[in-house]
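As structure tokens, the structure follows; a few thoughts come after it.
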Amino acid sequence: MKRVLLGLGSNKNFEGRSSLEILGCACHDLAYLLENVKFSSVYKTRAMYVTDQNDFYNMVALGFMPDNADALDLLKTIHGIEAKYGRDRSKEIRFGPRSIDIDIELFGDETINLPELVVPHVRIEERAFVLVPALEILEKDADCKIREKYECCLSRLKEKGKASDIQMFISAQDFILFTGGGFNGSES
Numbered sequence: 005m006k007r008v009l010l011g012l013g014s015n016k017n018f019e020g021r022s023s024l025e026i027l028g029c030a031c032h033d034l035a036y037l038l039e040n041v042k043f044s045s046v047y048k049t050r051a052m053y054v055t056d057q058n059d060f061y062n063m064v065a066l067g068f069m070p071d072n073a074d075a076l077d078l079l080k081t082i083h084g085i086e087a088k089y090g091r092d093r094s095k096e097i098r099f100g101p102r103s104i105d106i107d108i109e110l111f112g113d114e115t116i117n118l119p120e121l122v123v124p125h126v127r128i129e130e131r132a133f134v135l136v137p138a139l140e141i142l143e144k145d146a147d148c149k150i151r152e153k154y155e156c157c158l159s160r161l162k163e164k165g166k167a168s169d170i171q172m173f174i175s176a177q178d179f180i181l182f183t184g185g186g187f188n189g190s191e192s
């Protein structure tokens with residue numbers, strides 16, 4: 005089985021759903037896509053690259069896919085989930101507001117460098133909003149090498165003062181309750 009780490013974020017409502025509700029809906033969909041999926045707590049973070057927008061709500065999902073799973077197929081499925089909850093890449097500003105963003109951070113041990121997909125995610129090491137929730141989940145379910153790498157990256161961000169704006173907004177357990185629970189296979 006391939007371990008898959010996905011980063012999720014939202015800062016824009018869609019069809020009457022709040023960012024938290026959209027994340028919950030996406031988690032329900034991901035629970036059917038990934039085996040033994042676990043979800044982190046949700047963290048509130050100021051926007052990073054385009055700062056004149058609402059704060060983001062970020063989290064990660066960690067699950068497994070069969071060894072023969074293809075990252076581009078996963079990307080296509082993720083894009084379908086994003087579109088379902090209001091993401092239209094053709095109408096958005098890069099790094100701007102979005103109803104949902106799902107990034108493939110890790111896909112097994114694979115290194116992928118294609119125009120449409122880079123794995124490990126090209127900016128994971130500069131994003132406390134991915135590292136903090138990833139470490140929350142990876143402490144329970146990963147080899148020490150990955151944890152240590154992310155802990156070092158987060159430590160460097162903290163030294164530069166670039167990790168101070170991330171705050172836990174809702175714990176994983178409370179998020180599951182908020183969304184009505186029932187994430188198939190989740191143990192968070």
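Following the numbering used here, the numbering of the sequence shown begins with 5 at its first residue and continues without gaps.
Using N, Cα and C, we set each Cβ at its ideal position, and we do this for glycine too.
{"Asked": "At a cut of 8 Å, does the stretch 153 to 167 reach the stretch 24 to 44 through at least three beta carbon pairs?", "Found": "no"}
{"Asked": "So, with DSSP's three-state summary, where would you put residue 81?", "Found": "helix"}
{"Asked": "Can you check whether the CB of residue 21 is closer than 8 Å to the CB of residue 66?", "Found": "no"}
{"Asked": "Of all the options 151, 96 and 78, which has the alpha carbon lying nearest to the alpha carbon of residue 16?", "Found": "96"}
{"Asked": "Closest to residue 183 by CA distance: which of 10, 33 and 9 is it?", "Found": "33"}
{"Asked": "Less than 8 Å between the beta carbons of residue 12 and residue 30, yes or no?", "Found": "yes"}
{"Asked": "Please report the residue range of the beta strand (DSSP E) in which residue 59 lies.", "Found": "Counting along the chain, residue 59 falls outside any beta strand (DSSP E), and DSSP gives it neither H nor E."}
{"Asked": "What did DSSP end up calling residue 105 once you bin it into helix, strand or coil?", "Found": "strand"}
{"Asked": "Are there three or more Cβ pairs, one per stretch, closer than 8 Å when the stretch 105 to 123 is compared with the stretch 62 to 81?", "Found": "yes"}
{"Asked": "Output the distance between the C-alpha atoms of residue 25 and residue 175, rounded to the nearest integer angstrom.", "Found": "15 Å"}
{"Asked": "Evaluate residue 137 with the Cβ neighbour count: other Cβ atoms within 10 Å of its Cβ, from every protein chain shown; 16 or more gives buried, anything less gives exposed.", "Found": "buried"}
{"Asked": "Between 47, 114, 36 and 155, which has its C-alpha nearest residue 72's C-alpha?", "Found": "114"}
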